[in-house]
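Visitor: One structure is given below, represented as structure tokens, and several questions about it will come after.
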Amino acid sequence: MARQALHLLDGFQHTILGCLNSNTSSLSQARQAHAHILKTGLSNEVHFTTKLLSLYANHQCFADADLVLNSIPEPNVFSFSTLIHAYSKFNHFNHALRLFSRMLSRGLLPDSYVFPSAIKACAGPSALKVGRQVHGIASVSGVASDSFVQSSLVHMYIKSNQLTDAHKLLDTMPEPGVVPWSALVAGYARQGYVSKAKDAFYKMGNFGIVPNSVSWNGIIAGFNQSGCYSEAIMMFQEMHLLGFRPDGTSISSVLPAVGDLENFELGIQIHGYVIKLGIGLDKCVVSALIDMYGKCACTSELSRVFDEMDHLDLGACNALVAGLSRNGLADEALMVFRQFKGQGMDLNVVSWTSMIACCSQNGKDMEALDLFREMQLAGVKPNSVTIPCLLPACGNIAALMHGKAAHGFSLRRGMSIDVYVGSALIDMYSKCGK
1411 MARQALHLLD
1421 GFQHTILGCL
1431 NSNTSSLSQA
1441 RQAHAHILKT
1451 GLSNEVHFTT
1461 KLLSLYANHQ
1471 CFADADLVLN
1481 SIPEPNVFSF
1491 STLIHAYSKF
1501 NHFNHALRLF
1511 SRMLSRGLLP
1521 DSYVFPSAIK
1531 ACAGPSALKV
1541 GRQVHGIASV
1551 SGVASDSFVQ
1561 SSLVHMYIKS
1571 NQLTDAHKLL
1581 DTMPEPGVVP
1591 WSALVAGYAR
1601 QGYVSKAKDA
1611 FYKMGNFGIV
1621 PNSVSWNGII
1631 AGFNQSGCYS
1641 EAIMMFQEMH
1651 LLGFRPDGTS
1661 ISSVLPAVGD
1671 LENFELGIQI
1681 HGYVIKLGIG
1691 LDKCVVSALI
1701 DMYGKCACTS
1711 ELSRVFDEMD
1721 HLDLGACNAL
1731 VAGLSRNGLA
1741 DEALMVFRQF
1751 KGQGMDLNVV
1761 SWTSMIACCS
1771 QNGKDMEALD
1781 LFREMQLAGV
1791 KPNSVTIPCL
1801 LPACGNIAAL
1811 MHGKAAHGFS
1821 LRRGMSIDVY
1831 VGSALIDMYS
1841 KCGK
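What follows is the structure, given as structure tokens:
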């Protein structure tokens, strides 16, 4: 009888492992395995429960994963690490940190596997205090010198805009590698620290690190984002002179800077280079070209680039509408917008907001109000940019009722505290005589 029971138990375990060991196990197989574990009282078997945790986490069934973790009498570091890693991977940062705290409260010492996931969950200015605490725990635990932990800390400080801390940490790393250095350079560039960005970029060579395409693209995009347009163009030109082949990301990062400086001749040259590289169908490049020509007031080239597309792309459509609007061609912009809508294109909040702004800025106030209504009927939710674009139209025609409706909408959505929304509301009410 005992042998039969053992044989039956072995059969159950074999079934469970069959469900859990496959990399392609489905959610139904995971739940089948979970049922077997509960039925056979194998919750104490850590190798089963940990595999089950991993499987639920990969399917993002975190409620089920939490139940499994709570059912383990003595969960170990790996049990917690599996779920913390999954929470962080799928950007559920608060859950990851809560679980990390719970792990510490049980007296379990985190290892170098779990720290990068916990550190990733601290990325961003709002979690900086927690991030510093996790850094301290890593130091006490003796894993702060681990290369993966150090790299994670560098990225955390960069995303929290603590570039000095990131730089100091990077200087202590024996072999920092190209990825964290490139991230630091891009961080300086995004903040507009031109000298520091360039110094860090060229300092990479002191460590025997050769900048790669990610390094170049990061500094070009960063300078463009911070409004250092001339610097972005200079780095792009230097990249080309040193023999690095720009890719679609490089091109789409530098073209906005070219447009903002209205450097039409350089834009034409880069367009020719795009054709030579054979990346003229890259949707990001196409959108950037359309945007650049719009900023350079060259609507004929703008339209030609769009017409040469082999299929419609939402980003390019938005760029076309914005380009026509920027050059005062509101009727043409409205016409192509209607065409896109009629063709069943899934227009997003950027599409609608751009068109509302176009009408509002070009004296088509009633059209702007109509578009706002259509937008909501289409199930697209206005955002804090949409409202300031709409309100001037309400003020222009003294449409107080519509303005009040927009005000109410902004209050319900918690947008009224936005400085641009508040300013637009004041302007609208003053135009309406209120």
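Letter by letter, the sequence shown follows residues 1411 to 1844 of the numbering used here. Cβ coordinates follow ideal geometry from the N, Cα and C atoms, glycine included. Every value quoted in this text rests on a predicted model; they were computed, and no experiment measured them.
#1: Run the CB neighbour count on residue 1558, radius 10 Å, all protein chains shown included, and call it buried at 16 or more, exposed below.
#2: If residue 1677 and residue 1706 are in contact, beta carbons under 8 Å, what's the gap, nearest whole angstrom?
#3: Quick one: using the 10 Å Cβ neighbour count with 16 as the cut-off for buried, is residue 1627 buried or exposed?
#4: Measuring CA to CA, which of 1487, 1460, 1486 and 1484 is closest to residue 1474?
#5: Given residue 1690, which residues of its chain have a CB within under 6 Å of its CB, disregarding the five upstream and five downstream residues?
#6: Should residue 1786 be labelled buried (16 or more other beta-carbon atoms within 10 Å of its own) or exposed?
#7: Check this for me: beta carbons of residue 1696 and residue 1726, under 8 Å apart or not?
#8: So what's residue 1586 in DSSP terms, helix, strand or just coil?
#9: Whole angstroms is fine: what's the gap from residue 1902's alpha carbon to residue 1533's?
#10: Go ahead and pull the three-state DSSP assignment for residue 1648.
#11: Residue range of the alpha helix (DSSP H) that residue 1774 falls in?
#12: Consult DSSP for residue 1570 and reduce its assignment to one of helix, strand or coil.
#13: Which runs of the alpha helix (DSSP H) fall wholly inside the segment 1667-1733 and span at least 4 residues, in chain order?
#14: With a 10 Å radius around its C-beta and 16 neighbouring C-beta atoms as the bar for buried, classify residue 1539 as buried or exposed.
#15: Tell me the start and end of each unbroken beta strand (DSSP E) in the segment 1511-1555 that is at least 3 residues and wholly inside, in chain order.
#16: Cβ-heavy atom distance between residue 1458 and the ligand SAH below 7 Å?
#17: By the 10 Å Cβ neighbour count, where 16 or more other Cβ atoms means buried, how is residue 1620 classified, buried or exposed?
#18: Smallest Cα separation from residue 1665: which of 1633, 1713, 1770 and 1514?
#19: If you run the structure through DSSP and keep just helix, strand and coil, what is residue 1432?
#20: Alpha carbon to alpha carbon, how far is residue 1694 from residue 1751?
#21: Please state the DSSP three-state secondary structure of residue 1421.
#22: To the nearest angstrom, how far is it from the Cα of residue 1592 to the Cα of residue 1580?
#23: Following the continuous alpha helix (DSSP H) through residue 1479, name the residue where it begins and the one where it ends.
#24: Quick one: what does DSSP say residue 1500 is sitting in, helix, strand or coil?
#25: Taking residue 1470 as the reference, which of 1488, 1492, 1541 and 1762 has the closest Cα?
#26: Would residue 1494 pass as a contact of residue 1509 if the rule is Cβ separation under 8 Å?
#27: I need the boundaries of the alpha helix (DSSP H) containing residue 1409, first residue and last residue.
#28: Kindly indicate the opening and closing residues of the alpha helix (DSSP H) around residue 1739.
#29: Exposed or buried, what is residue 1649 when buried is set at 16 or more other beta-carbons lying within 10 Å of its beta-carbon?
#30: Going along the chain, which residues of its own chain have a beta-carbon closer than 8 Å to the beta-carbon of residue 1662, five neighbours each way excluded?
#31: Helix, strand or coil, according to DSSP, for residue 1639 in the structure here?
#32: Give me the Cα-Cα distance between residue 1432 and residue 1462, rounded to the nearest whole angstrom.
#33: Quick one: residues in its chain with C-beta nearer than 8 Å to the C-beta of residue 1522, no 5 flanking neighbours on either side, listed in chain order?
#34: Look up residue 1492 in the DSSP assignment and say whether it is helix, strand or coil.
Guide: Reading from the atomic positions:
#1: Here residue 1558 refers to the residue found at position 148 of the sequence shown. The residue in question, residue 1558, is exposed, as its Cβ has fewer than 16 Cβ neighbours within 10 Å.
#2: Counting from one through the sequence shown, the residue named residue 1677 turns up at place 267. Counting from one through the sequence shown, the residue named residue 1706 turns up at place 296. The Cβ separation is near 6 Å, so the contact holds.
#3: As a working mapping, residue 1627 is identified with position 217 in the sequence shown. By the neighbour-count rule (16 or more Cβ atoms within 10 Å), residue 1627 is buried.
#4: Translated into the one-based positions of the sequence shown, residue 1474 becomes position 64. Residue 1460 is the option with its Cα nearest to residue 1474.
#5: To locate residue 1690, count along the sequence shown from 1; it is residue 280. Once the five neighbours on either side are set aside, the close Cβ partners of residue 1690 are 1684.
#6: The count along the sequence shown starts at 1 and reaches residue 1786 at position 376. Exposed, by the Cβ-count rule.
#7: Counting from one through the sequence shown, the residue named residue 1696 turns up at place 286. Counting from one through the sequence shown, the residue named residue 1726 turns up at place 316. For residue 1696 and residue 1726, yes; Cβs fall inside 8 Å.
#8: Position 176 of the sequence shown holds residue 1586. Correct three-state label for residue 1586: coil.
#9: Nothing in the structure corresponds to residue 1902, since the chain is present only between 1411 and 1844.
#10: Start at 1 with the first residue of the sequence shown, and residue 1648 comes out as number 238. In this structure, residue 1648 counts as helix in the three-state DSSP scheme.
#11: By 1-based counting over the sequence shown, the position of residue 1774 is 364. Note, residue 1774: premise wrong, no alpha helix (DSSP H); not H, not E.
#12: If you number the sequence shown from 1, residue 1570 lands on position 160. In this structure, residue 1570 counts as coil in the three-state DSSP scheme.
#13: 1674-1687, 1693-1705 and 1709-1717
#14: As a position in the sequence shown, residue 1539 is number 129, starting the count at 1. The residue in question, residue 1539, is exposed, as its Cβ has fewer than 16 Cβ neighbours within 10 Å.
#15: none
#16: With respect to the ligand SAH, the structure shown offers nothing to examine, as it has no ligands at all.
#17: The residue given as residue 1620 occupies position 210 in the sequence shown. Exposed, by the Cβ-count rule.
#18: One-based indexing of the sequence shown puts residue 1665 at position 255. The candidate whose alpha carbon is nearest that of residue 1665 is 1633.
#19: In the sequence shown, residue 1432 corresponds to position 22, counting from 1. Residue confidence is low: residue 1432 scores 47 on pLDDT, short of 50, so the model does not pin down where it sits. No coordinate-derived value is stated.
#20: Position 284 of the sequence shown, counted from the start, is the residue given in the question as residue 1694. Position 341 of the sequence shown, counted from the start, is the residue given in the question as residue 1751. Rounded to whole angstroms, residue 1694 to residue 1751 spans 21 Å at the Cα level.
#21: By one-based count along the sequence shown, residue 1421 stands at place 11. Since pLDDT at residue 1421 reaches only 48, below the 50 mark, its modelled position is unreliable, and the value read off the structure follows with that caveat. Looking at residue 1421 - three-state DSSP - the assignment turns out to be helix.
#22: Position 182 of the sequence shown, counting from 1, holds the residue named residue 1592. Position 170 of the sequence shown, counting from 1, holds the residue named residue 1580. Looking at the two C-alpha atoms, the distance is approximately 11 Å.
#23: Walking along the sequence shown from the start, residue 1479 turns up at place 69. Residue 1479 -> alpha helix (DSSP H) spans 1472-1481.
#24: For the purposes of this step, residue 1500 is identified with residue 90 of the sequence shown, where counting begins at 1. Coil.
#25: Position 60 of the sequence shown, counted from the first residue, corresponds to residue 1470. For the residues 1488, 1492, 1541 and 1762, the minimum Cα distance to residue 1470 belongs to 1492.
#26: Mapped onto the sequence shown, residue 1494 falls at position 84. Mapped onto the sequence shown, residue 1509 falls at position 99. Yes, the pair counts as a contact, with Cβ atoms nearer than the cut-off.
#27: Here the chain has residues from 1411 to 1844 only, and residue 1409 is not among them.
#28: Numbered from its first residue, the sequence shown carries residue 1739 at position 329. Element bounds for residue 1739: n/a, residue is neither H nor E.
#29: Position 239 of the sequence shown holds residue 1649. Buried: at least 16 other Cβ atoms inside 10 Å.
#30: Here the question's residue 1662 lines up with position 252 in the sequence shown. Within the same chain, residue 1662 has close Cβ partners 1692, 1694, 1695, 1697 and 1698.
#31: Locating residue 1639 in the sequence shown gives position 229, where the first residue counts as 1. The answer is helix: DSSP assigns residue 1639 an H, G or I state.
#32: The count along the sequence shown starts at 1 and reaches residue 1432 at position 22. The count along the sequence shown starts at 1 and reaches residue 1462 at position 52. Because residue 1432 carries a pLDDT of 47, less than 50, the predicted location of this residue cannot be relied on, and the following value inherits that uncertainty. The straight-line gap from Cα to Cα measures roughly 11 Å.
#33: For the purposes of this step, residue 1522 is taken as the residue at position 112 of the sequence shown. Cβ within range, chain order: 1553, 1556, 1558 and 1559.
#34: Here residue 1492 refers to the residue found at position 82 when the sequence shown is read from its first residue. In the structure shown, residue 1492 sits in a helix (DSSP, three-state: H, G or I).
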